[in-house]
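The working numbering puts the first residue of the sequence shown at 1, with every later residue one more than the last. For each residue, glycine too, the CB sits at the ideal point set by N, CA and C. Note that this is a predicted model, so its numbers are computed, not measured. Inspection log for the structure reproduced underneath, given as C-alpha coordinates.
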Amino acid sequence: YSGIGGVGHGEDHHNIISNNVCSENGKWGINASDGVEHVIVGNILRSNSWKKPGAYPALRLHNAKRFLVQGNRCADDVDKSPTVGGDTPCQTRGIVESGHSDWNLVSGNVCIGMAEPITVIGRNSRAQGNLYEKRNIEK
(Lines of atoms letter the chains of each structure in order from A; the text may use other names.)
(Lines give C-alpha, C1' and ligand atoms only; values in the text may rest on other atoms or scores of the structure.)
Protein backbone atom coordinates (compact mmCIF):
# COMPACT_ATOMS: atom_id res chain seq x y z
CA TYR A 1 0.00 0.00 0.00
CA SER A 2 2.87 2.43 0.64
CA GLY A 3 5.55 3.45 -1.81
CA ILE A 4 8.15 3.05 0.94
CA GLY A 5 6.77 1.65 4.18
CA GLY A 6 8.25 0.38 7.39
CA VAL A 7 10.88 3.10 7.74
CA GLY A 8 11.80 3.16 11.41
CA HIS A 9 9.95 0.03 12.46
CA GLY A 10 11.80 -1.86 15.16
CA GLU A 11 13.65 1.26 16.34
CA ASP A 12 15.71 1.58 13.14
CA HIS A 13 18.04 4.54 12.97
CA HIS A 14 20.44 6.42 10.67
CA ASN A 15 18.82 5.37 7.38
CA ILE A 16 18.86 7.53 4.25
CA ILE A 17 15.79 7.47 2.02
CA SER A 18 16.61 9.45 -1.11
CA ASN A 19 15.92 9.95 -4.80
CA ASN A 20 12.77 7.82 -5.02
CA VAL A 21 9.56 8.32 -6.96
CA CYS A 22 6.56 7.22 -4.88
CA SER A 23 3.53 7.60 -7.09
CA GLU A 24 -0.09 6.46 -7.11
CA ASN A 25 0.08 4.21 -4.03
CA GLY A 26 -2.95 3.13 -1.99
CA LYS A 27 -1.78 4.80 1.21
CA TRP A 28 1.34 6.87 1.97
CA GLY A 29 4.14 7.74 -0.42
CA ILE A 30 6.59 7.23 2.47
CA ASN A 31 5.50 5.92 5.87
CA ALA A 32 8.12 6.56 8.56
CA SER A 33 6.81 5.19 11.85
CA ASP A 34 9.06 5.21 14.92
CA GLY A 35 12.82 5.25 14.55
CA VAL A 36 15.37 8.00 15.06
CA GLU A 37 17.77 10.12 13.02
CA HIS A 38 16.69 9.22 9.49
CA VAL A 39 17.33 11.44 6.47
CA ILE A 40 14.52 11.66 3.90
CA VAL A 41 15.73 13.78 1.00
CA GLY A 42 15.08 14.40 -2.68
CA ASN A 43 12.00 12.21 -3.18
CA ILE A 44 9.02 12.80 -5.45
CA LEU A 45 5.75 11.93 -3.69
CA ARG A 46 2.97 12.16 -6.22
CA SER A 47 -0.75 11.35 -6.18
CA ASN A 48 -0.81 8.80 -3.34
CA SER A 49 -3.73 7.92 -0.96
CA TRP A 50 -5.73 6.20 -3.70
CA LYS A 51 -7.29 3.72 -1.26
CA LYS A 52 -9.01 6.53 0.63
CA PRO A 53 -8.53 9.98 -0.94
CA GLY A 54 -7.35 12.57 1.57
CA ALA A 55 -6.67 10.08 4.37
CA TYR A 56 -2.96 9.42 3.87
CA PRO A 57 -0.25 12.08 3.57
CA ALA A 58 2.50 11.95 0.99
CA LEU A 59 5.07 11.58 3.79
CA ARG A 60 4.04 10.44 7.27
CA LEU A 61 6.32 10.94 10.28
CA HIS A 62 4.70 9.00 13.13
CA ASN A 63 6.53 8.86 16.48
CA ALA A 64 9.61 10.04 14.56
CA LYS A 65 12.54 11.64 16.37
CA ARG A 66 15.40 13.74 14.96
CA PHE A 67 14.58 13.26 11.28
CA LEU A 68 15.84 15.54 8.51
CA VAL A 69 13.21 15.88 5.77
CA GLN A 70 14.52 18.06 2.98
CA GLY A 71 14.14 18.77 -0.72
CA ASN A 72 11.13 16.53 -1.34
CA ARG A 73 8.33 17.33 -3.80
CA CYS A 74 4.71 16.52 -2.92
CA ALA A 75 1.97 17.00 -5.48
CA ASP A 76 -1.39 15.64 -6.55
CA ASP A 77 -1.70 15.94 -10.28
CA VAL A 78 -4.06 13.08 -11.04
CA ASP A 79 -7.15 14.29 -12.87
CA LYS A 80 -9.41 11.54 -11.57
CA SER A 81 -9.39 9.47 -8.43
CA PRO A 82 -9.49 5.76 -9.33
CA THR A 83 -11.58 4.98 -6.26
CA VAL A 84 -13.91 7.98 -6.09
CA GLY A 85 -14.00 9.16 -9.70
CA GLY A 86 -14.54 12.64 -11.00
CA ASP A 87 -12.17 15.44 -10.10
CA THR A 88 -11.56 14.28 -6.51
CA PRO A 89 -7.88 14.68 -5.62
CA CYS A 90 -6.25 11.77 -3.81
CA GLN A 91 -3.21 13.16 -2.01
CA THR A 92 -4.42 16.24 -0.12
CA ARG A 93 -1.86 16.11 2.71
CA GLY A 94 1.86 16.67 2.21
CA ILE A 95 4.37 16.10 5.04
CA VAL A 96 2.65 15.35 8.35
CA GLU A 97 3.99 14.64 11.84
CA SER A 98 1.78 12.60 14.17
CA GLY A 99 1.91 10.67 17.42
CA HIS A 100 4.88 11.60 19.61
CA SER A 101 7.08 13.00 16.84
CA ASP A 102 9.60 15.65 17.93
CA TRP A 103 12.96 17.23 17.11
CA ASN A 104 12.41 16.91 13.35
CA LEU A 105 13.55 19.45 10.76
CA VAL A 106 11.33 19.77 7.68
CA SER A 107 12.91 22.26 5.27
CA GLY A 108 13.23 23.14 1.61
CA ASN A 109 10.32 20.96 0.48
CA VAL A 110 7.77 21.84 -2.21
CA CYS A 111 4.13 20.84 -1.67
CA ILE A 112 1.74 21.77 -4.47
CA GLY A 113 -2.04 21.36 -4.45
CA MET A 114 -2.34 20.15 -0.86
CA ALA A 115 -5.15 21.15 1.53
CA GLU A 116 -2.67 20.42 4.37
CA PRO A 117 0.83 21.00 2.93
CA ILE A 118 3.04 20.62 6.02
CA THR A 119 2.11 19.90 9.64
CA VAL A 120 4.55 19.62 12.53
CA ILE A 121 3.27 18.91 16.03
CA GLY A 122 6.46 18.31 18.00
CA ARG A 123 7.34 21.04 20.48
CA ASN A 124 10.90 21.17 19.17
CA SER A 125 10.21 20.27 15.52
CA ARG A 126 10.63 22.96 12.87
CA ALA A 127 9.20 23.51 9.39
CA GLN A 128 11.24 26.22 7.67
CA GLY A 129 11.89 27.40 4.14
CA ASN A 130 9.24 25.21 2.54
CA LEU A 131 7.28 26.30 -0.51
CA TYR A 132 3.66 25.31 -0.85
CA GLU A 133 0.47 26.12 -2.68
CA LYS A 134 -2.67 25.20 -0.78
CA ARG A 135 -5.72 23.79 -2.49
CA ASN A 136 -9.20 24.21 -1.06
CA ILE A 137 -10.80 20.79 -0.98
CA GLU A 138 -14.58 20.64 -0.80
CA LYS A 139 -16.05 17.65 1.00
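| query | Which residues bound the beta strand (DSSP E) around T119? | reply | For the purposes of this step, residue 119 is identified with residue 119 of the sequence shown, where counting begins at 1. Note, T119: beta strand (DSSP E), E116 to T119.
| request: Please work out which residues of its chain come closer than 6 Å, Cβ to Cβ, to H37, disregarding the five sequence neighbours upstream and downstream, and give them in chain order. | output: For the purposes of this step, residue 37 is taken as residue 37 along the sequence shown, with counting starting at 1. First, the residue type needs correcting, since residue 37 is Glu and not His in the sequence shown. Within the same chain, E37 has close Cβ partners H13, H14 and R66.
| query | Just the Cα atoms here: how many angstroms apart are K52 and L59? | reply | To locate residue 52, count along the sequence shown from 1; it is residue 52. To locate residue 59, count along the sequence shown from 1; it is residue 59. The alpha-carbon atoms of K52 and L59 are separated by roughly 15 Å.
| said: According to DSSP, simplified to helix, strand and coil, what is E11? | reply: Position 11 of the sequence shown holds residue 11. It is coil, neither helix nor strand.
| message | Here's the rule I'm using: 16 or more other beta-carbon atoms within 10 Å means buried, otherwise exposed. How should G3 be labelled? | response | Counting from 1 along the sequence shown, the entry for residue 3 is found at position 3. Burial call: buried.
| task | Note the first and the last residue of the continuous beta strand (DSSP E) segment covering V106. | result | Start at 1 with the first residue of the sequence shown, and residue 106 comes out as number 106. L105 to S107 is the extent of the beta strand (DSSP E) around V106.
| said: Nearest by alpha-carbon distance to R123: which of V41, G5, G99 and D34 is it? | reply: Within the sequence shown, residue 123 is the residue found at index 123, counting from 1. Nearest C-alpha to R123: G99.
| request: Any chance you could list the beta strand (DSSP E) runs of at least 3 consecutive residues sitting entirely within the region 49 to 102, in chain order? | output: 59 to 62, 68 to 70, 73 to 75 and 93 to 98
| message | Quick check: the Cα distance between L105 and G8, rounded to an integer number of angstroms? | response | To locate residue 105, count along the sequence shown from 1; it is residue 105. To locate residue 8, count along the sequence shown from 1; it is residue 8. Going from the Cα of L105 to the Cα of G8 covers about 16 Å.
| Closest by CA to V21, which one among G129, S107, N48 and V120? | Looking up residue 21 in the sequence shown gives position 21. Here the closest residue by C-alpha is N48.
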